[in-house]
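What follows is one structure encoded as structure tokens, with my remarks underneath.
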Amino acid sequence: MKPTGPIPPHFAASDSGQLLIGGYPAEELVAEAGGTPLFVYDNNIVGAQVARFKGAMADGIGLNYAVTANPYEPLLEFLGRYVDGFRVVSLGELKRLQKAKLAGIPMNFAGPGKLDVELEESVKAGATISVESEGEALRAIRAAERVGIQPKISVRVTPPFTIEAGRVTMGSVASPFGVDADRVPSVVQGLIEAGVDWRGLHMFAGAQCLDSEALAEVHRLTVIHAGEIADAIGAPLPELNLGSGFDVACKPGDEPLDIDKVAVALNETLCNAPSPLATTRFTIELGRWLVGESGVYLTRVLDRTESCGQTFLTTDGGGHHLIGATGSLGERGMANFPIAVANRFGAPPEEAVTVTGCLCTPFDVLGDQVALPRAEEGDLIAVFCAGAYGLSASPQAWESRPMAKEMLV
Ligand SMILES: Cc1ncc(COP(=O)(O)O)c(C=O)c1O
């Protein structure tokens, strides 16, 4: 038997033992969607996360949603009512916002490898372009000249520090993400001389961190560092985008991030911020922390089989929809996401089983030797923490199998 991550606290069972998502029995949602595999996102959970962020953070700290985490349009439309802006990385993401009737909302267009057409369209959309290099800064200026609009440009800085406790580190190493700090002042001066609307700096030191002290420290270093850069530029800093780094507890042994501690520490950091930051607006751009826990992936058991004393449940889902839960199809059993039998939710575990997807690879494992109540062909499996980097981050074309359905409740 192997451990799983913790089931997020928002989920309960109906009297008949059905997993309730947003108050609806899982089987009812599957019937409404027309079958499995199905991602269900609970907007109450997303709304509660936004409210937690806003309640914890000092007034005026902006909250952007990073569309890459989950670009499902009904979810974007819902979030558009509550967040201060969005972070997009492609024309495709920008168009999704437009389809979600969010054309005029503040946007930060960030990420490497921007196409000329993307630069033009983001200028037209009024987005702030976070440039990753000197060359990209020049291309952004030219794109703006072509469309005849003054561009809003910020500069992404490669942080000379990182989030040590994060699962992904982005600073302190050679990187195509942003400009090395010592070159940033001259890039900004060039932008100002070229007549762009300089919007400030963007620093993203790492992702997937559950340690509030590590995040507090990275915020402190980011602010100090931004102050030094603004000093060298010789102009006040309009905005400082502090990136993300906030994770959700979805692996065995994970403890939820204490956002109140992060907020208290950030407040203290901002109270002591260096003088070039006296009028700076601060933004945090979150993806997985806002939506990760809201998602449940529902997949039907197609087969129950035994081999060498182990029981396997083969489902109609898998890593082509939720690659993160399978440990990226290259490292079997990396860590089990929380998992349950949705039509026997809350029933005591009876056996250790391995829940697999339907792909023709032994790496397609959704739950490696997990403790579950007995499940048979036709039962419904729920994989939790499926709201971020799920369907859009998975190799859906693998084996040309049906796409998963999605639903917001
Ligand atoms: C610059 C930047 N900001 C924010 C995010 C969102 O990260 P997360 O979903 O971990 O919050 C990413 C993720 O790729 C990113 O690259």
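Under this note's numbering, the first residue of the sequence shown carries the number 5, and numbering increases by one thereafter. Idealized CB from N, CA, C, for every residue including glycine.
Taking only three categories from DSSP, how would you classify residue i?
i	result
CYS213	strand
VAL93	coil
ASN347	helix
ASN271	helix
LYS156	strand
ASN74	coil
ASP120	helix
ALA218	helix
GLY38	coil
PHE57	helix
VAL300	strand
ILE263	helix
ASP201	strand
GLN314	strand
ASP307	strand
ASN276	coil
LYS6	coil
ILE11	coil
What I want to know is whether the C-beta of residue i ends up closer than 7 angstroms to one or more non-hydrogen atoms of ligand 1.
i	result
LEU290	yes
ARG91	yes
PHE208	yes
ALA397	no
SER137	no
PHE113	no
ALA30	no
PHE250	yes
ALA390	no
THR330	no
GLN53	no
TRP202	no
ALA178	no
GLN314	no
GLY247	yes
ALA253	no
Please look up how many angstroms separate the CB atoms of residue i and residue j, rounded, as I've assumed it's under 8 angstroms.
i	j	result
THR287	GLU243	6 angstroms
Could you tell me if residue i is buried or exposed, where buried requires 16 or more neighbouring beta carbons within 10 angstroms of its beta carbon?
i	result
ARG160	buried
LYS103	exposed
GLY199	exposed
ASP368	buried
MET407	exposed
PHE5	It should be noted that the sequence gives Met, not Phe, for residue 5. Looking at its Cβ environment, which holds fewer than 16 other Cβ atoms inside 10 Å, MET5 is exposed.
Examine chain D for any beta-carbon lying closer than 8 angstroms to the beta-carbon of residue i, and answer yes or no.
i	result
PRO278	Note that chain D does not occur in the displayed structure, where there is just one protein chain.
Segment contact, 8 angstroms Cβ cut-off, at least three pairs: the region 279 to 291 with the region 16 to 31: no
Please determine if the region 117 to 128 and the region 90 to 102 are in contact, where contact requires at least 3 C-beta pairs separated by less than 8 angstroms. yes
Just checking, does the region 291 to 304 make contact with the region 375 to 393 on the three C-beta pairs under 8 angstroms criterion? yes
How about the region 247 to 266 and the region 219 to 231: do they share at least three Cβ pairs that are nearer than 8 angstroms? yes
May I ask you to verify whether the region 371 to 378 touches the region 47 to 63, counting CB pairs closer than 8 angstroms and requiring at least 3? no
Can at least three beta-carbon pairs, one atom from the region 356 to 373 and one from the region 301 to 321, be found at a separation below 8 angstroms? yes
Is it true that the region 176 to 188 meets the region 130 to 142, where meeting means three or more beta-carbon pairs spaced less than 8 angstroms apart? yes
Taking one C-beta from the region 345 to 353 and one from the region 12 to 23 each time, how about it: are there three or more such pairs within less than 8 angstroms? yes
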